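See structure below.
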Amino acid sequence: MFAASLGIACFGAALEVSLDTAYIVAQALGWNWGENLHPKEAARFSLVYTVFVFSASLLMVVGIDPLQLTLFSMAVTAVILPPVIIPFLVLMNDRSYVGKYRNGWISNSVVIFTIALAFVLAIIALPLEIFGG
């Protein structure tokens, strides 16, 4: 029962991450996107989604240790976090964009601390994941 639940949860997570990645790529490149669109209407979005689902499946078929893969993906996420968060920090401090809802010094401090912590963790974790440790 536990193994089945874990498998279902992992499959759901793989679908969610693949869909999220397809949305990010489609939005960044200005493509049509959406799960409610017919694949012909959003062909590039559907292609990215399908490629990521099959890529995730192939990693498991090849026999890569799922725990090692999870730990490595967490380390890569820590590397990717700062470049993704910094543009949001700039936007959330732009008075012409968010008006009176812009970040205060407490919010900015928390975000900067999170970015710095992720950067430090990435510097420590990624080499350990690549070279073992």
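The sequence shown begins at 2 in our numbering and counts up by one. Even for Gly, the Cβ is constructed at its ideal location relative to N, Cα and C. Everything numeric in this text was worked out from a predicted model, so none of it was measured.
- Looking at L70, V63 and T78, the one whose alpha-carbon comes closest to that of A119 is T78.
- Within the region 72-116, not a single complete beta strand (DSSP E) segment reaches 3 residues in length.
- By the C-beta density criterion, V49 is buried, having at least 16 other C-beta atoms within 10 angstroms.
- F89 and I107 have their C-alpha atoms some 16 Å from each other.
- A5 carries a helical assignment under DSSP once its states are collapsed to helix, strand and coil.
- Annotation for A43: no alpha helix (DSSP H) segment contains it, and DSSP assigns it neither H nor E.
- In the three-state reduction of the DSSP assignment, D66 falls in the coil class.
- For the pair L127 and G64, the Cα-to-Cα distance works out to about 21 Å.
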